[in-house]
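The sequence shown begins at 101 in our numbering and counts up one residue at a time. For every residue, glycine included, the Cβ atom is placed at its ideal position computed from N, Cα and C. Some notes on the structure that comes next.
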Amino acid sequence: MHVFGHPVDLDPLMEIAEKYGLYIIEDAAQAHGARYKGKKVGSFGHISCFSFYADKLITTVEGGMALTNDEELAEKMRLLRSFGMTKQEKFHHPVLGYNYKLSDIHAAIGLVQLRKLDNYIERKRANIKYLKSKLNSSNLKLPIELDYAFNVYYVCHILAKKGKEKIMEHLKQEGIETRPLLSFIPEQPPYQKYGYNLNELHVARNAHQKGFYISNSPLLTENELNLVTSALIKSAGGIQ
101 MHVFGHPVDL
111 DPLMEIAEKY
121 GLYIIEDAAQ
131 AHGARYKGKK
141 VGSFGHISCF
151 SFYADKLITT
161 VEGGMALTND
171 EELAEKMRLL
181 RSFGMTKQEK
191 FHHPVLGYNY
201 KLSDIHAAIG
211 LVQLRKLDNY
221 IERKRANIKY
231 LKSKLNSSNL
241 KLPIELDYAF
251 NVYYVCHILA
261 KKGKEKIMEH
271 LKQEGIETRP
281 LLSFIPEQPP
291 YQKYGYNLNE
301 LHVARNAHQK
311 GFYISNSPLL
321 TENELNLVTS
331 ALIKSAGGIQ
């Protein structure tokens with residue numbers, strides 16, 4: 101999963117998959133246009149998935165797409181997308197399928213959005229660069245970009261060494277929406293039965309406990325970025 105627009109280090113995963121005959125499915129829902137060692141994410145795995153939900157880098161309001169260069173997998177995905185019905189024989193359903201088709205209207209919106217993607221990415225990267233240049237708080241850690249990556253900064257995710265809840269509440273009072281940094285999956289009810297050793301998952305737990313994120317819209321103005329920066333500095337500076 102290329103979380104928040106930053107590519108996963110794919111080479112080790114591809115090596116494991118090749119060694120044990122496994123399939124790689126890339127979750128690129130938040131990473132349209134991101135690159136791993138110069139190559140677009142979504143072009144490495146056997147299957148890759150992108151989301152076009154309303155808040156993604158580009159949107160069709162709802163929906164998404166799945167990609168593959170394996171014709172057998174592609175045919176299976178077409179069946180699952182379209183009621184499990186083949187084109188060769190009307191109303192013949194060799195598998196149980198669903199109605200996952202994207203309408204022509206949604207597709208038309210997506211095609212227009214696609215032309216704007218590069219500009220959106222450029223502005224998102226500029227936003228994060230601007231925030232980093234203005235924000236110098238030892239309590240807050242802003243998004244990074246590792247050497248192998250081209251990060252598209254889907255959102256601005258932040259780790260607070262202390263006082264996360266107070267910072268989020270202060271930002272709320274300033275009219276800036278925040279959200280927790282996802283959920284800690286082993287604590288979710290469907291996964292509790294697997295008996296994960298939570299002590300071995302300290303990195304994920306730390307991110308969940310200390311992380312939050314704010315919007316990184318490509319439409320943010322410099323004035324709005326200054327308001328965000330000022331609120332972050334004020335809130336982080338007030339934590340004792």
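Closest by C-alpha distance to residue i, when choosing among the options
i, options, result
"L110", "G133, K140, Q130", "K140"
"N199", "L214, Q292, H206, M185", "M185"
"S327", "G311, A208, K272", "Position check: residue 327 holds Leu in this sequence, whereas Ser was assumed. The residue with the shortest Cα to Cα distance from L327 is K272."
"L240", "K264, G145, L319, H270", "K264"
"D247", "Q130, G138, P318, L113", "G138"
"L157", "A174, N299, Q188, L214", "L214"
"A117", "A129, F144, Q130", "F144"
Beta-carbon proximity of residue i to residue j, cut-off 7 Å
i, j, result
"L242", "K234", "no"
"Y148", "L122", "The residue you asked about is not Tyr; residue 148 is Ser in the sequence shown. It is not a contact, given that the beta carbons lie outside the stated cut-off."
"G142", "L202", "no"
"F150", "T159", "no"
"H102", "I124", "no"
"Y230", "L332", "no"
"R279", "Y253", "no"
"S182", "A336", "no"
Beta carbon proximity, residue i to chain B, threshold 7 Å
i, result
"T160", "In summary, chain B is missing from the structure at hand, where a single protein chain is found."
Distance, residue j Cα to residue i Cα
i, j, result
"K216", "D127", "22 Å"
"I221", "F191", "43 Å"
"Q340", "N323", "Its pLDDT being 44, under 50, Q340 is placed unreliably by the model, and the measurement read from it follows with that caveat. Each residue's alpha carbon lies about 29 Å from the other."
"G210", "K187", "25 Å"
"R223", "R305", "31 Å"
"E171", "K334", "55 Å"
"F250", "D155", "20 Å"
"L173", "Q309", "39 Å"
"I228", "E189", "52 Å"
Residue i - partner residues in DSSP beta bridges
i, result
"G311", "L259"
"S148", "E126, L167"
"L240", "A260"
"R135", "K140, F250"
"R279", "Y313"
"N199", "S182"
Residue i: CB within 6 Å of a non-hydrogen atom of the ligand MG
i, result
"G184", "Among the components modelled here there is no ligand, and therefore nothing to report on the ligand MG."
Report task. Count the CB pairs spanning the region 192–199 and the region 281–300 that are closer than 8 Å, and state whether there are at least three. Result -> no
Query raised in the report: Counting Cβ pairs closer than 8 Å, one from the region 133–148 and one from the region 107–121, do we hit at least three?
Result: yes
Requested in this report: Could you tell me whether the region 304–319 touches the region 244–260, using the rule of 3 or more Cβ pairs below 8 Å?
Outcome: yes
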